[in-house]
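Each remark here refers to the structure printed beneath this line.
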Amino acid sequence: MDMPLEAAADPLAASASALLRRYRRLLWLVSLPLLALVLLLALGHGLSAHRNAVAGLERGAAQQHAALQALARDAEEHVLDLRRFVERELITAARAPDALLAEALQHDAMGHTLDELPQLLRPGLAQLLWPGAKRPDAAALWRLQAFAALTEPAHNRHADLARSYHLAWPETHALLYPWLPSAQVAQGLGRPDWGLALQAWYARPEFGAARPEANSAQRAFWLPRPDEGLLVHGAPVYAGESFRGLVATELRLDSLSRAAAAAAPAGASWWLLGEQGEVLARSADAGAAPEPAALAAARAADGHAGADGGWRLVALPLQSAPWTLVAAQRERALLAQIAPELLPFGLIALALLALVLLGQWLLRQRVIEPALAVMRYLSDKSRDPLAPEPALSPRWQPWVRVISATFAAQREARERERRSEATKSAIVDHALAAIITTDRQGRVAEWNPAAATMFGRTRAAVIGQPVGELIIPQRLRPAHAAGLARAGSGRMQRAGERLEMVGLRADGREFPIEMVLARTDVDGDHHYTAFINDISAQRLAQAEIERQREALRQSEKLTAMGSLLAGVAHELNNPLSIVLGRAALLEGKAAGQGALADDARRIRDAAERCGRIVRTFLNMARAKPETRQPVPLNELVRAALELLGYGLRSNGIRLELALADSLPELPADPDRLGQLVMNLIVNAQQALASQAGERRLALATGLEADGAWVWLRVADNGPGVPATLRERIFTPFFTTKGDGLGELQGTGLGLAVARGVAREHGGELLLEDEAPRGASFLLRLPLAGGSGPMPGPAPAPISNPPRQLRLLVVDDEADLAAMLREALEQAGYEVATAESGRVALELLDTARFEAVVSDLRMPEMDGAALWRVMRERWPALATRMLIITGDTLSPAAAEFLHETGCALLEKPFTPAELVARIKELTEAR
Numbered sequence: 003m004d005m006p007l008e009a010a011a012d013p014l015a016a017s018a019s020a021l022l023r024r025y026r027r028l029l030w031l032v033s034l035p036l037l038a039l040v041l042l043l044a045l046g047h048g049l050s051a052h053r054n055a056v057a058g059l060e061r062g063a064a065q066q067h068a069a070l071q072a073l074a075r076d077a078e079e080h081v082l083d084l085r086r087f088v089e090r091e092l093i094t095a096a097r098a099p100d101a102l103l104a105e106a107l108q109h110d111a112m113g114h115t116l117d118e119l120p121q122l123l124r125p126g127l128a129q130l131l132w133p134g135a136k137r138p139d140a141a142a143l144w145r146l147q148a149f150a151a152l153t154e155p156a157h158n159r160h161a162d163l164a165r166s167y168h169l170a171w172p173e174t175h176a177l178l179y180p181w182l183p184s185a186q187v188a189q190g191l192g193r194p195d196w197g198l199a200l201q202a203w204y205a206r207p208e209f210g211a212a213r214p215e216a217n218s219a220q221r222a223f224w225l226p227r228p229d230e231g232l233l234v235h236g237a238p239v240y241a242g243e244s245f246r247g248l249v250a251t252e253l254r255l256d257s258l259s260r261a262a263a264a265a266a267p268a269g270a271s272w273w274l275l276g277e278q279g280e281v282l283a284r285s286a287d288a289g290a291a292p293e294p295a296a297l298a299a300a301r302a303a304d305g306h307a308g309a310d311g312g313w314r315l316v317a318l319p320l321q322s323a324p325w326t327l328v329a330a331q332r333e334r335a336l337l338a339q340i341a342p343e344l345l346p347f348g349l350i351a352l353a354l355l356a357l358v359l360l361g362q363w364l365l366r367q368r369v370i371e372p373a374l375a376v377m378r379y380l381s382d383k384s385r386d387p388l389a390p391e392p393a394l395s396p397r398w399q400p401w402v403r404v405i406s407a408t409f410a411a412q413r414e415a416r417e418r419e420r421r422s423e424a425t426k427s428a429i430v431d432h433a434l435a436a437i438i439t440t441d442r443q444g445r446v447a448e449w450n451p452a453a454a455t456m457f458g459r460t461r462a463a464v465i466g467q468p469v470g471e472l473i474i475p476q477r478l479r480p481a482h483a484a485g486l487a488r489a490g491s492g493r494m495q496r497a498g499e500r501l502e503m504v505g506l507r508a509d510g511r512e513f514p515i516e517m518v519l520a521r522t523d524v525d526g527d528h529h530y531t532a533f534i535n536d537i538s539a540q541r542l543a544q545a546e547i548e549r550q551r552e553a554l555r556q557s558e559k560l561t562a563m564g565s566l567l568a569g570v571a572h573e574l575n576n577p578l579s580i581v582l583g584r585a586a587l588l589e590g591k592a593a594g595q596g597a598l599a600d601d602a603r604r605i606r607d608a609a610e611r612c613g614r615i616v617r618t619f620l621n622m623a624r625a626k627p628e629t630r631q632p633v634p635l636n637e638l639v640r641a642a643l644e645l646l647g648y649g650l651r652s653n654g655i656r657l658e659l660a661l662a663d664s665l666p667e668l669p670a671d672p673d674r675l676g677q678l679v680m681n682l683i684v685n686a687q688q689a690l691a692s693q694a695g696e697r698r699l700a701l702a703t704g705l706e707a708d709g710a711w712v713w714l715r716v717a718d719n720g721p722g723v724p725a726t727l728r729e730r731i732f733t734p735f736f737t738t739k740g741d742g743l744g745e746l747q748g749t750g751l752g753l754a755v756a757r758g759v760a761r762e763h764g765g766e767l768l769l770e771d772e773a774p775r776g777a778s779f780l781l782r783l784p785l786a787g788g789s790g791p792m793p794g795p796a797p798a799p800i801s802n803p804p805r806q807l808r809l810l811v812v813d814d815e816a817d818l819a820a821m822l823r824e825a826l827e828q829a830g831y832e833v834a835t836a837e838s839g840r841v842a843l844e845l846l847d848t849a850r851f852e853a854v855v856s857d858l859r860m861p862e863m864d865g866a867a868l869w870r871v872m873r874e875r876w877p878a879l880a881t882r883m884l885i886i887t888g889d890t891l892s893p894a895a896a897e898f899l900h901e902t903g904c905a906l907l908e909k910p911f912t913p914a915e916l917v918a919r920i921k922e923l924t925e926a927r
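In structure tokens, the structure reads:
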């Protein structure tokens, strides 16, 4: 009875579909012409509004261009006036300057300045930087006075001008308006004094651009200094044919930004590009500047907006400066502007569309939905005999009754078939184990889904095929054939037992399996059923457990050795502080005594080296949070080599260094990055330990061509890494070394930790392929826009305080206390010592002290207890307590320092560091 029902259903579905298509076509034929008319009207109005919006963008860009042109013209005219003035004064007899200028000249080691100019005269005069012992003549002072008189009105009229100046040549001196102290000029140029600052000024690009060899046409020029937020407009100065220097003024970039932003078109982004296409200023919402090809097309449009990649671009070059103003607005923003004007057309179109949809909805409700409900009921009834009848109008009920009667007659037969299929599915199809049934000859009779998944063969492809050729490896098939022959003769062995064997997948891969074999009789014939489980995961789990156990043992070994190193380093702090301090004091006493002074310096250098090694051990043992600070990579390399130098020398390893000069500092955690460098060097040292003949370790650093990355290469001529292991050497706990307890070899953590640290910093650690011999590791780390290394401030000498201060030194080690006392007394302090906290309290009761220096760990009363008593009795003095300790690893010490905020000086330290900390502590309070 299925066929008549299907035959009846198809005409109904076809009829409903044809009826729906007919009425839809009629509705759309009536509505589409009206919709097309509305859309054409909207399109015409939209194009007109779009043209007006583009014209508004062009007008706004022209206004921006005029504002920027005015700023550039002001700066250009000012520099032209300065150039005319200086060239005229160079060939004109000088007039007598103001007498106050000559009196205000100040002479120092670098030359003459106007730092002593009276306060009332400074706003109207310029600063003079005149190097050398020779005093400026009357002509120079008159030019200074006239230069200021000419420059002051220009700066008063144009607040956008930062400063104006004249750099003379060949007698180098500078006129600078507005007046600034020479120290502030030196500070602005990053130099310790104005003499070096003046030399740096002459070395700047603007002076080089004015020289005859770079500017034979004697033209004025613009140079950007975006790092200082300035634009420099300069011009060379000539007396006849002789080059006599440079006049220039500085224009603030933020002034350009304000002027452009004030006149910017609404909703538009803008850029001000330099001569080389660099971005000098931009709007707040502007991203990267447009591509050069788009800019070229925009310039060729001569002030008209061109379309490019969803943007409208206007490019307007300035006449008074080599800049280009680019204004841009997205097409979607322009469309958003004109959208309100198109709203009435959209409402009309929506109304028409709503009428069409309403007609279709009525058609669906009255005709299509009932027909589809009947069809759905037919489909549901074919799957579920208890499916409820749909609630339809009387005209559709006969169809429902026919369907119900038909499926009721078929329910019993289908139920029997369903129960049979469900039983088979529950036993075979849904089994987790692979179930394979064969006949007496070993041909496959049943192959469940788990078997298809496990062996990679579908059921249709294996039915009737010999099972031995499907799941048994070639070398085991003779044994399988012998077992099948024995089973056929009635001598089936090991039935029901769990057997571990080797299976074969469709792709030829072998894997371990567990199998239970059973025999069943079907219609008098023997069938064999195998229940198979894949035990690959169990084998891998067992191997992983063994590997984790070995990794835990190695980790415990590293933890124990790290604790031992930290403890030894801590115990060295007190005696090392005495050695370091006494060596520094001895060096000071032996100053100028030849060999004795050299011996004292060598002792101090060796003690400082020991101190650095101790600090390195302690930094490695501390659980410090990750930090980011400027780190010199070359210094990290040198520090690691200093720590590992003995091991390298004792192993006969020749060291080759090629560290790049002026390598920029990179933002990094110095401890984590230092650990990475040490891991690479130790790894190379261990690789070379078994190398016969020459042993060579090469370290090199450098900066990549794009200036965005620094690199470190560590290469050795050892045995290298086999090709089969290159992909695994960065896997944690994987190692090719022996388990040498004495050198902590064989943990498999060094390279994994090193690569992890490199990736934490945004870089990468790679094993290079092109190394001719041995192994070569390349570390690449990104820069974050930092500049090259700048010379740090020189260490402050130990100098006497402005008045003699009384200090109290508390330390239970007499030698260390004596060294502290002598160092502080040499610096001009009055010092008393106490061997314990209780003695210190007695001294504090009888005398007044400006600061207290105390060890943290002492018998009877330690530094923490002393501070708590001082906080109760002398709270002001408690804020001037300096804690010296080498026990920063102790949780109690860390908690105390965090709680109190006391000043800290870690052992070992030099007398200069001690005096600097005391001076900082007393002056800060």
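Residue 229 in our numbering sits at position 227 of the sequence shown, with consecutive numbering throughout.
Beta carbons: idealized from backbone N, C-alpha and C, even for Gly.
Backbone secondary structure at residue i - three-state DSSP
i	result
V723	coil
G704	strand
Q550	helix
N158	helix
F533	strand
R698	strand
Q186	helix
G776	coil
W224	strand
L29	helix
G485	helix
P342	helix
Rounded separation between residue i and residue j - CA only
i	j	result
L102	F149	16 Å
T408	T425	27 Å
G722	E696	15 Å
G2	Y831	The chain is shown from 3 up to 927; residue 2 falls before or after that span and cannot be answered.
V581	M860	20 Å
A866	L858	6 Å
G794	Q278	A caution first: G794 carries a pLDDT of 36, below 50, which makes its placement in the model unreliable, though a value can still be read off. So the two alpha carbons sit approximately 34 Å from each other.
G933	R418	Outside the displayed span of the chain (3 to 927) sits residue 933, for which this structure offers no information.
L274	A64	13 Å
E91	A211	23 Å
G113	R137	8 Å
G444	A436	16 Å
L169	R227	18 Å
A1005	V187	The structure shown does not extend to residue 1005, since the chain spans only 3 to 927, so no value can be given for it.
Residues near residue i in its chain [Cβ-Cβ closer than 7 Å; skip 5 each side]
i	result
P183	D117
A283	L255, L258, S259, A262 and L274
G948	A question about residue 948 goes unanswered here, because the residues of the chain that appear run from 3 up to 927.
G649	Q687
R459	L472 and A508
Continuous alpha helix (DSSP H) stretch holding residue i: start and end
i	result
E766	No alpha helix (DSSP H) holds E766; the beta strand (DSSP E) holding it covers E766 to L769.
V811	Careful: V811 lies outside any alpha helix (DSSP H), inside the beta strand (DSSP E) at R808 to V812.
W869	G865 to R875
I465	First-last for I465: undefined, no H or E at that position.
Y928	Nothing about residue 928 can be read from this structure; the chain reaches only from 3 to 927.
Range covered by the beta strand (DSSP E) that runs through residue i
i	result
D195	Counting along the chain, D195 falls outside any beta strand (DSSP E), and DSSP gives it neither H nor E.
Q631	Q631 to V633
A931	What the structure shows of the chain is the stretch from 3 to 927, and residue 931 is not part of that stretch, so it cannot be assessed.
L858	Counting along the chain, L858 falls outside any beta strand (DSSP E), and DSSP gives it neither H nor E.
M112	Note, M112: premise wrong, no beta strand (DSSP E); not H, not E.
Nonlocal neighbours in the same chain, by C-beta distance under 6 Å from residue i, ignoring five residues either side
i	result
E391	V402
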